[in-house]
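Presented below is the structure to which this report refers.
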DNA sequence: ATTATAAATGAATAAAATTCAATATTGCTT
DNA sequence: AAGCAATATTGAATTTTATTCATTTATAAT
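Residue numbers (my numbering), protein chains in the order written: chain F, 141 to 341; chain X, 141 to 341.
Below is the structure:
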């Protein structure tokens, strides 16, 4: 049924707006129902409860992130360039979607139930993608092989998440993309990459 | 009045236990009141509301962290050794205080009101301390000067927080201190440190 | 047009946070 | 030690929200 899915999207859209303005705790079902122009009971026709509605938000958004990322990575050869692009795209995406970033980073990612959601699977696809790039870099000989690839992934995601989280907590006062170059420098040194093809500083 | 403060501590202790077992959302004032052996109304004599009680928890704990850290840093000269020790102590502290880690990392740090709490001031002391160490390292010539010190701090805190958060979300299945060496390697390379006094890889 | 099925409603219920008037305790003064 | 004022404690009443459910309304099929 086409109309059913449409109304579901309508409710999710209202939920995005309400949840990102206030937080989970301070958002009410009645606010969301009002914004979506439906009765409170209707929401429970589409979602098991408030939490279920909450976790339905990132599913589409994360898929979008991954889809667009692949597009941006197209045509770039070499792990070095791919990592640069990944860092840029990550910061760019959240610069463009701060409300979603707020909800994802400050509330969902940090919730134990998140690991059980569909959005998490997409998120996992993303982290798997980084792993591939790291392996590629190791084969090319531009990423050190003496460090565990999972730890290297921690490095990359750790810095990015930290930079993003600070930005969100500070109220998005500066341009997130300003951080691009410095994050790059740090990560590239951290994983033993170098712009010099000889591989020495 | 001594007894007033004692009862406040009693309520906080009960709150730590309840909040770390369930989360903020699923912890009730009546559970906390029961565990503290007071009436529900009493809690509101000491705390403005549930959130205020929640944010009172990390104040003492963060002070403890900073106090102990200074002790561990005593006698260590050189930014290199201090950073190693800092990484070790950070992981050690949360290995020993996983319930508190869970509450702090997964719920508080990520809450906008956190920046307004007293605990945040202590937390800020901690990040200021890292900044000092970084400056010291730059003067010693073992930390690169071409990267902003605040970004370097992002690197260190970013990796540590990321490693800690994953560990907590995975249910503390492995020994957090296992990550020590690899985190060290990454950070030390990332900030341009080297064990070789010549400063070359 | 009639009927069956699905969707939507909002008043009723339930559960939890918060308030408050009444009660008990403590500490001070003589 | 008794009386009094100030403080602390209580738990029942109130308020706020999530969730349920019996009823109504819309949709689709024959």
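Just so you know, even glycine gets a beta-carbon here, dropped at the ideal spot from N, CA and C. Here the structure is a predicted model, which is why all the values come from computation and not from measurement.
Same chain, Cβ closer than 6 angstroms to residue i, neighbours up to 5 away in sequence not counted
| i | result |
| --- | --- |
| residue 202 of chain X | 259, 262, 263 |
| residue 277 of chain F | 219, 283 |
| residue 247 of chain X | 164 |
| residue 195 of chain X | 257 |
| residue 234 of chain F | 241, 304 |
Cβ shell of residue i (< 7 angstroms), same chain only, five flanking positions each side left out
| i | result |
| --- | --- |
| residue 218 of chain F | 280 |
| residue 176 of chain F | 150, 151, 154 |
| residue 204 of chain F | none |
| residue 169 of chain X | 180, 183, 190 |
| residue 171 of chain F | 158 |
Residue i versus the options, residue with shortest Cα-Cα distance
| i | options | result |
| --- | --- | --- |
| residue 197 of chain F | F:224, F:229, F:180, F:254 | F:254 |
| residue 275 of chain F | F:220, F:300, F:236 | F:220 |
| residue 269 of chain X | X:316, X:241, X:243, X:209 | X:209 |
| residue 145 of chain X | X:170, X:180, X:187, X:168 | X:187 |
| residue 223 of chain X | X:292, X:285, X:192, X:177 | X:292 |
| residue 213 of chain F | F:266, F:315, F:290 | F:266 |
Residue i: contacting residues in chain X (beta-carbon distance under 9 angstroms)
| i | result |
| --- | --- |
| residue 303 of chain F | 291, 294, 298 |
Cross-chain neighbours of residue i in chain F, by beta carbon under 8 angstroms
| i | result |
| --- | --- |
| residue 266 of chain X | Those do not exist, as residue 266 of chain X stays about 15 angstroms from chain F at its closest Cβ, beyond 8 angstroms. |
| residue 258 of chain X | Those within 8 angstroms of residue 258 of chain X in chain F number zero; the least Cβ separation is about 17 angstroms. |
| residue 165 of chain X | 164, 165 |
Pairwise C-alpha distance: residue j and residue i
| i | j | result |
| --- | --- | --- |
| residue 329 of chain F | residue 329 of chain X | 6 angstroms |
| residue 238 of chain F | residue 215 of chain X | 45 angstroms |
| residue 182 of chain F | residue 229 of chain F | 38 angstroms |
| residue 335 of chain F | residue 321 of chain F | Its pLDDT being 45, under 50, residue 335 of chain F is placed unreliably by the model, and the measurement read from it follows with that caveat. Taking the straight line joining both Cα atoms gives about 14 angstroms. |
| residue 325 of chain F | residue 318 of chain F | 13 angstroms |
| residue 155 of chain F | residue 211 of chain X | 48 angstroms |
| residue 166 of chain F | residue 231 of chain X | 33 angstroms |
| residue 87 of chain X | residue 313 of chain X | In the structure as shown, chain X starts at 141 and stops at 341, and residue 87 of chain X therefore has no counterpart that could be examined. |
| residue 189 of chain F | residue 151 of chain F | 13 angstroms |
| residue 153 of chain X | residue 236 of chain X | 17 angstroms |
| residue 249 of chain F | residue 306 of chain X | 10 angstroms |
| residue 245 of chain F | residue 147 of chain X | 36 angstroms |
| residue 311 of chain F | residue 160 of chain F | 13 angstroms |
| residue 143 of chain F | residue 207 of chain F | 26 angstroms |
| residue 192 of chain X | residue 301 of chain F | 27 angstroms |
| residue 185 of chain X | residue 199 of chain F | 43 angstroms |
| residue 285 of chain F | residue 251 of chain X | 38 angstroms |
| residue 162 of chain X | residue 331 of chain F | 38 angstroms |
Neighbouring residues, chain X, relative to residue i (Cβ below 7 angstroms)
| i | result |
| --- | --- |
| residue 322 of chain F | 287, 288, 291 |
| residue 241 of chain F | Chain X residues near residue 241 of chain F: none, gap ~12 angstroms exceeds 7 angstroms. |
Whole-Å CB distance - residue i paired with residue j, under 8 angstroms assumed
| i | j | result |
| --- | --- | --- |
| residue 227 of chain F | residue 323 of chain F | 6 angstroms |
| residue 297 of chain F | residue 242 of chain F | The pair is not a contact, with the Cβ atoms about 18 angstroms apart (cut-off 8 angstroms). |
| residue 287 of chain F | residue 294 of chain X | Between residue 294 of chain X and residue 287 of chain F the Cβ distance is about 19 angstroms, and since that is not below 8 angstroms, they are no contact. |
| residue 289 of chain X | residue 271 of chain X | 6 angstroms |
| residue 299 of chain F | residue 327 of chain F | 6 angstroms |
Residue i: contacting residues in chain F (beta-carbon distance under 7 angstroms)
| i | result |
| --- | --- |
| residue 325 of chain X | 287 |
Sequence-distant residues of the same chain with beta carbon closer than 8 angstroms to residue i, five excluded per side
| i | result |
| --- | --- |
| residue 179 of chain X | 173 |
Residue i beta carbon near the ligand GTP (any heavy atom closer than 7 angstroms)
| i | result |
| --- | --- |
| residue 302 of chain X | The ligand GTP is absent from the structure shown, which contains no ligand whatsoever. |
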